[in-house]
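Step one of this worksheet: look at the structure below.
Okay, here's the thing in structure tokens:
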């Protein structure tokens, strides 16, 4: 999902592509990923830094600033990403592939019995 910003702004510690998808510079962590972790686990900026020691605390605060500036748009991106994931999971279930299948569960049970 692409969104338009009012004025072009540069954000220190962030790389922003043409679709306004922001990632933390010199990492593969996107702002939306960081926000999803923050919401899912209730993590503070300091805990996010602890979980991602390769990312400076300043970069995390920059990502949070970007998120709160464009919160409705980024929340829409996250919702769209989640919908895509759910659709792909439903497709796999329909095809009988993945961890939801009886074959997978049986194989897992057998491996556990062999180990125990």
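Numbering (the working numbering), first residue to last: 13 to 128. Glycine residues also receive a C-beta, built at the ideal position from the N, C-alpha and C atoms.
### Message
Give me, in chain order, the residues of the same chain whose beta-carbon lies closer than 7 Å to that of residue 29; leave out the 5 immediate sequence neighbours on both sides.
### Response
There are no such residues.
### Task
Name the two residues that bound the continuous beta strand (DSSP E) containing residue 35.
Residue 35: member of the beta strand (DSSP E) spanning 34-36, first to last residue.
### Message
Which residue marks the beginning of the alpha helix (DSSP H) containing residue 87, and which one marks its end?
### Response
From DSSP, the alpha helix (DSSP H) with residue 87 extends over 83-107.
### Query
Ends of the alpha helix (DSSP H) at residue 115?
That run of the alpha helix (DSSP H) goes 114-127.
### Message
Does residue 28 come out as helix, strand or coil in the three-state DSSP assignment?
### Response
The answer is strand: DSSP assigns residue 28 an E or B state.
#### Entry: residue 78 vs residue 34 beta-carbon contact at 8 Å
Against a cut-off of 8 Å, the Cβ pair of residue 34 and residue 78 comes out as a contact.
### Query
To the nearest angstrom, how far is it from the Cα of residue 120 to the Cα of residue 111?
Straight-line Cα distance between these residues: approximately 9 Å.
### Message
Check this for me: beta carbons of residue 84 and residue 73, under 8 Å apart or not?
### Response
For residue 84 and residue 73, no; Cβs fall outside 8 Å.
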